[in-house]
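Peer 1: This is the structure I want to talk about, given as structure tokens.
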Amino acid sequence: MSTKVKVGIIGVGTIGSVHADAYAKVGDAELVALCDILPDRLGEKGKRHGVARRYENYHDLLASADIEAVSICVPNRLHAPIAIDALQAGKHVLLEKPMALNQDQGRAICAARDAAGRVLQMGMVRRQSPDAERIKKLVDEGRLGDIYQIRIRLIRRRGIPGMGGWFTTKAESGGGGLIDIGVHFFDLAMWTTGLWNPTRVSAKVYAKFGSPMEDYHYVNMWAGPPNYAGTFDVDDYAAGLVRFGNQATMSFEVAWAANAQDEQMLEILGTKGGLKLGGDMVLLTEVDDLLADVKLNFAKEGGGFPQQLAKFVAAVQGKAPPPATGEQGVIAMRLIDAIYASSAADAEVEV
Numbered sequence: 593m594s595t596k597v598k599v600g601i602i603g604v605g606t607i608g609s610v611h612a613d614a615y616a617k618v619g620d621a622e623l624v625a626l627c628d629i630l631p632d633r634l635g636e637k638g639k640r641h642g643v644a645r646r647y648e649n650y651h652d653l654l655a656s657a658d659i660e661a662v663s664i665c666v667p668n669r670l671h672a673p674i675a676i677d678a679l680q681a682g683k684h685v686l687l688e689k690p691m692a693l694n695q696d697q698g699r700a701i702c703a704a705r706d707a708a709g710r711v712l713q714m715g716m717v718r719r720q721s722p723d724a725e726r727i728k729k730l731v732d733e734g735r736l737g738d739i740y741q742i743r744i745r746l747i748r749r750r751g752i753p754g755m756g757g758w759f760t761t762k763a764e765s766g767g768g769g770l771i772d773i774g775v776h777f778f779d780l781a782m783w784t785t786g787l788w789n790p791t792r793v794s795a796k797v798y799a800k801f802g803s804p805m806e807d808y809h810y811v812n813m814w815a816g817p818p819n820y821a822g823t824f825d826v827d828d829y830a831a832g833l834v835r836f837g838n839q840a841t842m843s844f845e846v847a848w849a850a851n852a853q854d855e856q857m858l859e860i861l862g863t864k865g866g867l868k869l870g871g872d873m874v875l876l877t878e879v880d881d882l883l884a885d886v887k888l889n890f891a892k893e894g895g896g897f898p899q900q901l902a903k904f905v906a907a908v909q910g911k912a913p914p915p916a917t918g919e920q921g922v923i924a925m926r927l928i929d930a931i932y933a934s935s936a937a938d939a940e941v942e943v
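Right, here's the structure in full:
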């Protein structure tokens, strides 16, 4: 008798297909059903991933008693209602980032999890990279000492996705580049350092390239092409400073579009050492009273979505707790809510 966890995917756009491909690499998982509101896409993805059971209404998928767990890969506006319905239907849930449109919706999802007694794991895949795991290990071992400053620079020169669609419509997405890609590095910064206590933030968000949409010049567009009859009412650049009490600070720049070179950078400064994520990782430290640059050599293969979903399946089987919790998802949403509030008020605000 098979002991594999039977899984369904709700939403089979680009990220839904990524999940489908990843589940195929997880030995303890069996992808048995797909759901999407677009019949043509559902049919095409069903054939591509070899899944015969297909639903256009997610309630029908949730009514299937043999499906134990679901990946939710839908537009942000639908995260909370579908996650809550799935938990209430007795399903374990892997919820793509961001958790929801705001922290209140995130708390409602956690409440549904608690009432159902099911697993809720946030889809924070950036944690699963070997370099991120190495940073966390170094921090946990005390190799960096007391962490007092974090710096994030997450820049796309021209990277607005699906212009005129749900990504750039605030009612559907909750925001722009900040909530779409910034959430990854906020989570990564707090997870690697253990600083889950953001207290105050001073920030500003801008929309400098996305409106008017016809004036936006780009090389390629993920989730495109642009729909010029649609909406762009979200941010394409954000910058600010976060305080973690009197313990540490975090400065950040997050851009969907800017006249700057593409960059993904997380820098952590501690009293014993400092390092940056990405590329050749070098620990800047001291050895025998001398300043030393220690190049860290380690296996950089693996990680990513297959590892994330393998951990989710293990949590469903009761072998380990979920690595990215709903509570952590709520903290990330609290921070994002505060950044938008600070920008609107032109003032520092509490998180």
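Each residue of the sequence shown is one higher than the one before, starting from 593 at the first, in the numbering used here. By construction, the Cβ of each residue, glycine as well, lies at the ideal position given by its N, Cα and C atoms. Since this is a predicted model, take the numbers as computed values, not measurements.
On the CB-based measure, 16 or more other CB atoms within 10 Å of its CB, does His651 come out buried or exposed?
Peer 2: So His651 counts as exposed.
Peer 1: Can you name, in chain order, every residue of its own chain whose Cβ lies under 6 Å from the Cβ of Gln920, other than the five neighbours on each side?
Peer 2: Around Gln920: no qualifying Cβ.
Peer 1: Count the other CB atoms, across all protein chains shown, that sit within 10 Å of the CB of Thr863; report buried if there are 16 or more and exposed otherwise.
Peer 2: Burial call: exposed.
Peer 1: Return the CA-CA distance between Arg836 and Tyr740, expressed in angstroms with no decimal places.
Peer 2: The sequence shown places Phe at residue 836, not Arg. Each residue's Cα considered, the two are about 9 Å apart.
Peer 1: The alpha helix (DSSP H) with Ala702 in it runs from where to where?
Peer 2: The sequence shown places Cys at residue 702, rather than the Ala named in the question. Start and end: 695–708.
Peer 1: Restricting to runs no shorter than 3 residues, where is the beta strand (DSSP E) found entirely within the segment 729–801?
Peer 2: Entirely contained in the segment 729–801, the beta strand (DSSP E) runs reaching 3 residues are, in chain order, 739–747, 792–798.
Peer 1: Which residues in the same chain as Gln680 place their Cβ atom closer than 7 Å to its Cβ, once the five residues preceding and following it in sequence are excluded?
Peer 2: Only Ala704, Ala708 meet the Cβ criterion.
Peer 1: Should the segment 753–763 be called in touch with the segment 776–795, which here means at least 3 C-beta pairs below 8 Å?
Peer 2: No, because fewer than three Cβ pairs between the segment 753–763 and the segment 776–795 fall closer than 8 Å, the two stretches do not touch.
Peer 1: Taking 8 Å as the threshold, find out whether the segment 615–629 comes into contact with the segment 875–886 through three or more Cβ pairs.
Peer 2: The segment 615–629 vs the segment 875–886: no contact.
Peer 1: Measure the CB-CB distance between Val662 and Ile742 and report whether it falls below 8 Å.
Peer 2: Cβ distance not < 8 Å, so Val662 and Ile742 don't count as in contact.
Peer 1: Beta-carbon within less than 8 Å of Val618's beta-carbon, same chain only, minus the 5 sequence neighbours each way: which residues are those?
Peer 2: Excluding positions up to five away in sequence, the list reads Pro898, Leu901, Ala902, Val905.
Peer 1: Check for me: the beta strand (DSSP E) holding Arg874 runs from which residue to which?
Peer 2: At residue 874 the sequence reads Val, which differs from the Arg that was named. Per DSSP, Val874 belongs to the beta strand (DSSP E) from 874–879.
Peer 1: If you check the beta carbons only, do Tyr798 and Tyr829 fall under 8 Å apart?
Peer 2: Yes, the Cβ-Cβ distance between Tyr798 and Tyr829 is below 8 Å.
Peer 1: Taking the Cβ atom as the reference point for each residue, do Arg748 and Trp848 lie within a distance shorter than 8 Å?
Peer 2: Yes; because the gap between Cβ atoms is below 8 Å, this pair is in contact.
Peer 1: Span of the beta strand (DSSP E) holding Arg645?
Peer 2: Start and end: 645–647.
Peer 1: Using a 10 Å radius around the Cβ and a threshold of 16 neighbouring Cβ atoms, would you call Val879 buried or exposed?
Peer 2: So Val879 ends up on the exposed side.
Peer 1: Helix, strand or coil: which one does DSSP assign to Phe904?
Peer 2: Here Phe904 sits in helix by DSSP.
Peer 1: Between which residues of its own chain and Arg699 is the CB-CB distance below 8 Å, once the five residues before and five after are set aside?
Peer 2: Same-chain partners within the cutoff: Val922.
Peer 1: Look at the Cβ atom of Pro722, then the Cβ atom of Ala891, and state whether they are nearer than 8 Å.
Peer 2: Contact flag set, yes.
Peer 1: Apart from the five residues just before and just after Met593, which ones in its own chain have a Cβ nearer than 7 Å to its Cβ?
Peer 2: Reliability of the predicted coordinates at Met593 is poor, the pLDDT of 42 falling under 50, and the value obtained from them is presented with this limitation in mind. There are no such residues.
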